[in-house]
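Okay, structure first, notes after.
Protein chains in written order, with the numbering used here: chain U, 1 to 163; chain W, 164 to 741.
Put into structure tokens, the structure is as follows:
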């Protein structure tokens, strides 16, 4: 099953490699990994998407907690949560499909943020699943490049992952 | 007090109470060595290879419970230390390794003797640090010792660029008395609800067994374990790493379990309906085939590391905490419990176990003209009255030492169980002897293992650490040969050493005493002679039976009840009890 794990980690050199190294050394699967500082400059927040049986995910969480730099973590799968991923897609456009593409972008609540006579850049946020769905809708041959941030997530309600 | 970086490192070690530091100088640590030179409190042991430094520090740590401390230079000094760091990591041994690094300004430029030590050691340390500022040295060292020695212990590396220890930059020195880390809170007491469940299971079990590991030694829980076992009256088996935590001569002890464990220990595990695992990690050498592991048992698992619980075997009652405290909680729980142990079922269970004991799985042919390695270990036990600290290398001799030298106290049996590092024994013995100068220290080794760190014979002379080397010389990489005999139709691919040095001359060349033993009748006398020479390192080169095998053995992919015994007995039925 897919799990989104949110991690607060000391914002120190090498922190990212400790997490990434753990996954490669123990053969765990990483689907995506994002990391950036938080409002507290001494802390980074990572969002890690992984897949595995319940036993494996339990081990992943224990092993992550064991890393000395990890301050706190939460498996968002176990709470009601919101997931968002940002995607930018550059698409080749020819006159006759430009309107049609615009309406598809609207349906997916995306934005066209760059236009040239032969291309669009579409910005879109949503769950990873929704972004997959958009990609599936667009003609494969027209896609020039896709860049995705990897999923980020936050729990609903008042409670949160903080110190 | 204002000190420069190098002085801060050494002063911090003093303040930490460090007695010995095992190391080897080089370019990146010259400032540190200069600071070492100007004081006498921290004694430096100059090894002959950095691997020896880490193993010696490791031996010191295992024999005392105090952290071992190592100092190596950058590049090759650092990489040579990695095997010893990984060895300590796998067996959870507290160790602090200080490595020099090239100056900050040239890090990343492939400078002379540069290697990314923090990167290389990341997977085999509990934690590591790169010190970026002279004002952070003291705090970093305090953190390193705290992390290395608390919770589940382990090695910590501190990588210090040369400019950080420069003599001309002085800053105020303050060694923190205590350190708090917001990201690190090792467990202490076990969860009360889980303790209650465990007590209920312990009291209702019909065929219980206590399976104790190295965590009991590391967590100083030996006395508590003995009290618990005697209160319950249940059989106790121990892992290779746990030996000595529970007295091997106690009548409740049923031997080591696992791949070369006793028949009674493995059968007891297999038929058990309740396993109380304490400070053990269900390692593959213990479990054998996982889906056949202890098919009838409920499992209670006490461990300080949550990640050890349900890692390979799913357990029913996990208890995270310090073994010492958790066993105390269990004892209190047993005292308060409403009902008592069922004596009758306990008797039936012991009858069954004693029947298994009757197989005498450790018997071997005593009437031979060749020297049996098992006999040597038995004689070693008698000559040292079971009181010696015994280090070993890795292979057949290691298993024989574990099987035939009954350890009654913790920290007496010192070997590389997790990583299985050949070359560990001799430098570890030097570390043990420094810690316990008046104790007998024996290094049980083989002709292959001993050659992996033989250069430390020179260190043993310089620091007058008279250890006794018991070399079980069979000209083979014995354990490899055994596996090739069993699993590769005796195709002995590169497991025979056609040329072996004359160990007697070699020992003499290093300034020690060498004695060769070729006859079973001379074993006892040679051992007595060796241990009588209190102030000399003695190398006993004992030519043993070349094709002797370690029994019992659970071969790869087999379960506990499918042991290979020296003398085949009737096939054990899966369920003799019920």
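Note that the Cβ used here is the ideal one computed from N, Cα and C, for glycine as well.
Keep in mind that this is a model prediction, so the values were computed, not measured.
Contacts with chain W at 8 Å (Cβ-Cβ) do not include residue 45(U). Per DSSP, residue 400(W) is not a residue of any alpha helix (DSSP H); the beta strand (DSSP E) it occupies stretches across 399-401. Only 281, 282, 285, 286, 289 from the region 272-289 of chain W bring a Cβ to less than 8 Å from some Cβ of chain U. Within the model, the alpha-carbon separation for residue 617(W) versus residue 679(W) is close to 17 Å. Taking the Cα positions, residue 183(W) is about 39 Å away from residue 709(W). The DSSP-derived three-state label of residue 51(U) is strand. Between the region 263-274 of chain W and the region 322-329 of chain W, the count of C-beta pairs closer than 8 Å reaches three or more; the two stretches touch. When CB distances to chain W are screened at a threshold of 8 Å, the residues of the region 48-66 of chain U falling below it are 55, 58, 59, 62, 63, 65, 66, in chain order. Against chain U, the CB of residue 345(W) has a partner CB under 8 Å away; the residue lies at that interface.
The alpha carbon of residue 443(W) has as its nearest neighbour, out of 433(W), 373(W), 502(W), the alpha carbon of 373(W). Remark: three or more beta-carbon pairs, one from each stretch, lie closer than 8 Å, so the region 504-520 of chain W and the region 430-439 of chain W are flagged as touching. At least one beta carbon of chain W lies nearer than 8 Å to the beta carbon of residue 10(U). At a cut-off of 8 Å, the C-beta of residue 148(U) has no neighbouring C-beta in chain W. Between residue 66(U) and residue 470(W), the beta carbon gap of about 5 Å places them in contact (Cβ cut-off 8 Å). Between residue 155(U) and residue 80(U), the CB-CB gap stays under 8 Å.
Scanning its chain for C-beta atoms nearer than 6 Å, with the 5 sequence neighbours on each side dropped, one finds around residue 376(W) the residues 402, 404, 405, 442, 443, in chain order. Taking the C-beta atoms as reference points, residue 258(W) is found no nearer than 8 Å to residue 228(W). By the Cβ test, the region 214-227 of chain W is in contact with the region 590-607 of chain W, since at least three Cβ pairs between them sit closer than 8 Å.
Close to chain U, meaning a Cβ-Cβ distance shorter than 9 Å, are the following residues of the region 347-377 of chain W: 347. Spatial neighbours of residue 559(W) in its own chain (CB-CB distance under 6 Å, excluding positions within 5 residues in sequence) are listed in chain order as 641, 642, 713. Residue burial is scored here from C-beta neighbours: residue 711(W) has at least 16 other C-beta atoms within 10 angstroms and is therefore classed as buried. Taking a Cβ-Cβ threshold of 7 Å, the residues of chain U close to residue 474(W) are 59, in chain order. In chain U, no part has a C-beta under 8 Å from the C-beta of residue 205(W); the shortest such distance is about 26 Å.
Annotation: the region 220-250 of chain W contains the following complete segments of the beta strand (DSSP E) (minimum length 3 residues), in chain order: 231-235.
Membership of residue 536(W) in any beta strand (DSSP E) is not indicated; the residue belongs instead to the alpha helix (DSSP H) covering 536-546.
Against residue 17(U), the close residues of chain W are 282, 285, in the order they occur along the chain (beta-carbon pairs closer than 8 Å). For residue 469(W), the neighbours in chain U by C-beta distance under 8 Å run, in chain order, 62, 65, 66.
Contact with chain W is found for residue 69(U), since one of that chain's Cβ atoms lies less than 8 Å from the residue's Cβ. Cβ proximity to chain U below 8 Å picks out 310 from the region 305-319 of chain W.
The C-beta of residue 293(W) comes closer than 8 Å to at least one C-beta of chain U.
For residue 14(U), the chain W residues whose Cβ falls inside 9 Å of its Cβ are 281, 282, 285, 291, 293, in order along the chain.
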